[in-house]
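Enquirer: Supplied in structure tokens, the structure appears directly below.
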Amino acid sequence: MAKPRDNGVKKERPVRDAAYNSGKPVPVVYGPDSPDAAYREKLGAPGEYPYTRGIYPTMYRGSLWTMRQYAGFSTSADTNARFHFLLGNGQTGLSMAYDLPTQLGLDSDDEAAQDDVGRLGVAVDTVEDMADVFEGIPLDRVSVSHTINSTAAIIQAFWLIAAERQGVALDKLRGTFQNDMLKEYIGRGTWIFPPRPSMRLVADIIEYNAKHCPRVNAISVSATHIAETGATLAQDVAFPILNALAYIRELTGRGLHVDDFVPTMSFHLSVGGGVGPFNLLESIGKLRAARRIWARTMKERYGAKNPRTMQLKFSTGNCGSRMAAREPLNNIVRQTLYTLAAVLGGTRSVNMACFDEAFEIPSDESIRTALRIQQVIAHESGVADTVDPLAGGYAVEAVTDQVEEEIQAIVDDYESRGGIVPFIESGEIQRLLARQAYEHQRKIADGEQVWVGVNKFTSEEEDRMGAGEGLYEADDSALEKQMARLAEVKAARDAGEVAEQLEKLARACESKENLVPYLMDAARARLTVGEMTGVMRGVFGAYVEPSVV
Amino acid sequence: MASGTKRIRVLMAKPGLDGHDRGVKVIIHALRDAGMEVIYSGLRQTVEQIVSVAIQENVDVIGLSILSGSYMRIARRLMARIKEEELDDCLVILGGNILERDVAGLKSLGIAEVFNHHAEMAEVVSYIRNNAAAGAA
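Protein chains in written order, with the working numbering: chain A, 5 to 553; chain B, 216 to 352.
Structural data, given as structure tokens:
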């Protein structure tokens with residue numbers, strides 16, 4: 005039998021104590037007595053290539069994963085209050101939701117924005133809103149995840165200037181910008197410009213952050229939206245990897261080496277999303293396989309030397325497609341399973357949908373419950389006491405190998421045909437996922453795939469959620485408040501400076517220069533999201549959706 | 216115009232800024248499998264664009280898919296536009312995460328039926344078959 009061993013565990017950070025019910029200490033990691041070549045090639049110790057067992061030697065014994073729930077709505081003041089509430093409840097990082105107009109480059113006073121200002125996230129028109137959101141929240145001490153894509157370069161500029169005003173040096177900032185445009189065309193839909201200029205913007209942020217704010221992940225290559233659009237378990241890793249390889253080509257085309265910038269790239273992998281049945285072991289195997297594939301690709305194909313290039317850093321979550329509207333409290337159990345899979349698969353951060361996700365923006369109760377699920381698993385299950393505790397098990401290793409093969413086959417197929425971008429441009433990927441989503445729905449309708457409380461073991465429970473009881477109430481005054489705020493900021497600007505910044509930005513867009521410094525200047529001059537997007541659209545053009553169904 | 220042999224023509228539309236289109240695409244597949252002709256608007260269409268396509272394509276049904284929660288405001292503007300254009304025989308239905316408490320208000324605006332998170336694909340198909348002008352023989 006394998007004996008507990010701590011060999012090879014770098015003691016670079018102190019580990020917390022942990023004991024079994026008997027009182028005996030829990031070893032940080034278990035492994036073979038004498039690791040053979042096969043073990044070293046496929047698994048390795050935690051923190052060692054190919055990182056199947058995790059990218060850190062001590063994982064959750066060193067520090068727990070980041071517990072983050074997506075939040076942000078209405079105005080900057082409301083979001084600021086919600087952030088203080090979450091930090092006060094023990095949350096260790098913030099995740100910021102922007103309203104749709106902000107995500108689509110529309111100011112709050114734009115007619116097309118009127119139905120959506122402050123509805124699904126916070127409205128941010130200028131750097132002033134960003135500064136208000138983080139009032140009293142020191143940006144060198146709290147990491148912030150920003151769900152923003154088409155306008156990521158503008159919004160990051162606002163955030164960097166807000167930090168500058170707090171007196172925080174850029175290299176002290178911690179956070180993540182989603183900044184993953186290719187998956188917007190596949191599934192999430194907040195595109196503005198065509199794919200090629202969008203990829204330039206993505207690459208500009210990655211290049212800038214790698215040089216100036218290396219602790220701010222410049223991208224979160226996202227699987228969750230692809231999964232929710234209708235991907236299978238293997239596709240929901242393969243497609244994000246293909247997207248990442250497309251961005252990498254964009255940057256290596258600028259003469260950069262993967263070691264220069266890949267350390268600022270992170271992933272957001274899906275657990276409990278997608279089509280087909282959920283399987284706990286297969287989901288754990290998927291996360292382990294993803295790390296191994298990434299490490300090998302970076303080392304063998306791109307000649308990476310820096311371990312951080314080879315370490316697949318990912319958070320995990322889902323968007324709620326498996327959250328049932330019937331008997332919604334059952335969703336708490338579902339999210340517990342998904343969270344357990346993420347933790348046993350070695351995630352760095354968890355951000356799961358809430359049990360009322362099928363209806364509305366989560367209420368205080370459901371968002372707290374989502375956080376409690378993570379806290380119970382962290383402190384009352386023991387699974388965080390041992391690094392990669394399932395390693396060496398027949399089932400988990402076999403399923404890890406199996407999923408790895410499936411993912412690699414998809415990656416190799418598209419890469420051999422020039423990468424994924426042309427297949428996104430033609431709508432082929434979108435049509436494939438739409439077809440799969442329909443087939444999934446048919447299996448649920450036919451009862452072929454069991455959904456407890458929905459198509460099996462059903463009750464006549466009253467639909468308390470559908471009635472709107474206990475749900476978050478949207479604030480209809482957000483639009484008015486936000487428009488007043490924007491008018492006030494605009495009135496205080498120097499018109500000559502605004503015109504000058506717009507002109508400079510237009511010239512930079514036409515050039516091949518990195519746009520980030522220009523956007524920061526524009527942010528300082530309090531240009532709006534809409535003004536900057538307008539200039540960019542003038543140069544880059546607008547995206548026209550191909551036939552996607 | 217009513218004839219059992221004419222195929223029902225449906226415009227499935229995504230008004231507003233919301234980009235959640237898995238649901239609308241699933242319904243499009245289901246309607247096509249049921250033998251209907253379906254046109255998809257694509258994302259982020261204005262009320263004016265939707266009504267103008269409905270006229271050009273001479274559709275029997277407009278199916279709106281809204282998951283952003285902005286359905287009340289959008290429905291109000293769309294139904295006003297439909298009245299202006301005298302598209303009274305066009306059946307307008309709405310799907311998405313619609314709260315039960317808002318359904319009566321939506322119907323009073325002229326939305327014929329609302330399909331929320333509980334609705335099954337078969338219900339949508341049979342509702343259209345039984346209620347669209349072209350389908351009701």
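For every residue, glycine included, the Cβ atom is placed at its ideal position computed from N, Cα and C.
For the stretch 94 to 107 of chain A, list every residue whose C-beta sits within 7 Å of some C-beta in chain B, in sequence order.
Expert: Per Cβ criterion, the list reads Leu104, Pro105.
Enquirer: Run the CB neighbour count on Val225 (chain A), radius 10 Å, all protein chains shown included, and call it buried at 16 or more, exposed below.
Expert: Position 221 of the first sequence holds residue 225 (chain A). Label assigned to Val225 (chain A): buried.
Enquirer: I'd like to confirm something about Phe197 (chain A): is its beta-carbon nearer than 6 Å to some heavy atom of the ligand GDP, or not?
Expert: As for the ligand GDP, it is missing from this structure, which has no ligand bound.
Enquirer: If you measure from the beta carbon of Phe243 (chain A) to each beta carbon in chain B, is any gap under 7 Å?
Expert: For the purposes of this step, residue 243 (chain A) is identified with residue 239 of the first sequence, where counting begins at 1. Not closer than 7 Å to any Cβ of chain B, the Cβ of Phe243 (chain A) fails to qualify, so no.
Enquirer: Tell me the DSSP secondary structure of Phe282 (chain A) in three-state form.
Expert: For the purposes of this step, residue 282 (chain A) is taken as residue 278 along the first sequence, with counting starting at 1. Three-state DSSP puts Phe282 (chain A) in coil, outside helix and strand.
Enquirer: Can you pull the chain A residues whose beta carbon is under 9 Å from the beta carbon of Ile289 (chain B), in chain order?
Expert: Position 74 of the second sequence holds residue 289 (chain B). Near Ile289 (chain B) (Cβ distances below 9 Å), the residues of chain A are Asp119.
Enquirer: Just verifying my parser: in three-state terms, what is the DSSP assignment at Tyr286 (chain B)?
Expert: Position 71 of the second sequence holds residue 286 (chain B). Helix.
Enquirer: Pick out whichever of A:Gly280, A:Arg204, A:Ser353, A:Ala329 has its Cα sitting closest to the Cα of Ser270 (chain A).
Expert: Sequence index remark: in the first sequence, residue 270 (chain A) carries index 266 (1-based). The option with the nearest alpha carbon to Ser270 (chain A) is A:Ser353.
Enquirer: Count the other CB atoms within 10 Å of the CB of Arg421 (chain A); is the residue buried (16 or more) or exposed (fewer)?
Expert: Taking the first residue of the first sequence as position 1, residue 421 (chain A) is located at position 417. Result: exposed.
Enquirer: Using a Cβ-Cβ distance under 7 Å, would Tyr442 (chain A) count as near chain B?
Expert: Position 438 of the first sequence, counted from the start, is the residue given in the question as residue 442 (chain A). Yes, Tyr442 (chain A) counts as interfacial toward chain B.
Enquirer: Could you tell me how far apart the beta carbons of Leu205 (chain A) and Val172 (chain A) are, in whole angstroms, since I believe they sit closer than 8 Å?
Expert: Reading the first sequence from its first residue, position 201 is the one you call residue 205 (chain A). Reading the first sequence from its first residue, position 168 is the one you call residue 172 (chain A). Not really, about 24 Å apart at Cβ, beyond 8 Å.
Enquirer: Closer than 8 Å by C-beta to Ser346 (chain B): which residues in its own chain qualify, once you throw out the five before and the five after it? Chain order, please.
Expert: Looking up residue 346 (chain B) in the second sequence gives position 131. It should be noted that the sequence gives Asn, not Ser, for residue 346 (chain B). Within the same chain, Asn346 (chain B) has close Cβ partners Leu306, Ala327, Glu328.
Enquirer: Which residues share a DSSP beta bridge with Ala23 (chain A)?
Expert: By one-based count along the first sequence, residue 23 (chain A) stands at place 19. According to DSSP, which records beta bridges pairwise, Ala23 (chain A) is partnered with A:Pro29.
Enquirer: Does any C-beta atom of chain B lie closer than 7 Å to the C-beta of Glu331 (chain A)?
Expert: On the first sequence, position 327 is the one that residue 331 (chain A) refers to. For Glu331 (chain A), the answer is no, since every Cβ of chain B falls outside 7 Å of its Cβ.
Enquirer: For Ala42 (chain A), count the other beta carbons within 10 Å of its own beta carbon; 16 or more makes it buried, fewer makes it exposed. Which is it?
Expert: Position 38 of the first sequence, counted from the first residue, corresponds to residue 42 (chain A). Exposed, by the Cβ-count rule.
Enquirer: Given this structure, state the Cα-to-Cα distance separating Val241 (chain A) from Ala294 (chain A), to the nearest angstrom.
Expert: Within the first sequence, the letter at position 237 stands for residue 241 (chain A). Within the first sequence, the letter at position 290 stands for residue 294 (chain A). Cα to Cα, the separation comes out at about 7 Å.
Enquirer: Using CA coordinates, which residue listed in A:Glu168, A:Pro550, A:Asp208, A:Leu186 is at the minimum distance from Ser430 (chain A)?
Expert: Walking along the first sequence from the start, residue 430 (chain A) turns up at place 426. Here the closest residue by C-alpha is A:Pro550.
Enquirer: On the criterion of 16 or more Cβ atoms from any shown chain inside 10 Å, does Ala357 (chain A) qualify as buried, or is it exposed?
Expert: Position 353 of the first sequence, counting from 1, holds the residue named residue 357 (chain A). Ala357 (chain A) is buried by the Cβ-count criterion.
Enquirer: Just verifying my parser: in three-state terms, what is the DSSP assignment at Tyr34 (chain A)?
Expert: By one-based count along the first sequence, residue 34 (chain A) stands at place 30. Three-state result, Tyr34 (chain A): strand.
Enquirer: Which residue wins for smallest C-alpha separation from Leu490 (chain A), given the options A:Phe544, A:Asn153, A:Val128?
Expert: In the first sequence, the residue the question calls residue 490 (chain A) occupies position 486. Out of A:Phe544, A:Asn153, A:Val128, A:Val128 has the C-alpha closest to the C-alpha of Leu490 (chain A).
Enquirer: Please go through the same chain and pick out, in chain order, the residues whose beta-carbon is closer than 6 Å to the beta-carbon of Gln315 (chain A), but skip the five residues on each side of it.
Expert: Sequence index remark: in the first sequence, residue 315 (chain A) carries index 311 (1-based). The answer, listed in chain order, is Tyr55, Ile59.
Enquirer: Relative to chain A, which residues along the stretch 274 to 302 of chain B have a C-beta separation below 7 Å, given in chain order?
Expert: Cβ contacts with chain A come from Ser283, Gly284, Ser285, Arg288, Ile289.
Enquirer: Taking 7 Å as the CB-CB cut-off, is Glu549 (chain A) touching chain B?
Expert: Here residue 549 (chain A) refers to the residue found at position 545 of the first sequence. Cβ-Cβ to chain B under 7 Å: yes for Glu549 (chain A).
Enquirer: Is the shortest distance between the beta-carbon of Ile357 (chain B) and the beta-carbons of chain A less than 7 Å?
Expert: Only positions 216 to 352 of chain B appear in this structure, which leaves residue 357 (chain B) out of reach.
Enquirer: Buried or exposed, going by whether 16 or more other CB atoms sit within 10 Å of the CB of Asp113 (chain A)?
Expert: Along the first sequence, one-based indexing puts residue 113 (chain A) at 109. Label assigned to Asp113 (chain A): buried.
Enquirer: Hey, how far is the Cα of Pro426 (chain A) from the Cα of Leu177 (chain A)?
Expert: Sequence index remark: in the first sequence, residue 426 (chain A) carries index 422 (1-based). Sequence index remark: in the first sequence, residue 177 (chain A) carries index 173 (1-based). Each residue's Cα considered, the two are about 35 Å apart.
Enquirer: Could you work out which residues of chain A lie near Gly234 (chain B), taking near to mean beta carbons separated by less than 7 Å?
Expert: By 1-based counting over the second sequence, the position of residue 234 (chain B) is 19. Going along chain A in sequence order, the residues near Gly234 (chain B) (Cβ under 7 Å) are Arg192, Gly193, Thr194.
Enquirer: Verify the CB distance criterion: does Gln445 (chain A) have a CB-CB separation below 7 Å to chain B?
Expert: Along the first sequence, one-based indexing puts residue 445 (chain A) at 441. Yes, Gln445 (chain A) lies at the interface with chain B (some Cβ there is under 7 Å from its Cβ).
Enquirer: Check the Cβ of Glu335 (chain B) against every Cβ in chain A and list those closer than 8 Å, keeping chain order.
Expert: Counted from its first residue, the second sequence places residue 335 (chain B) at position 120. What Glu335 (chain B) touches in chain A: Ala449.
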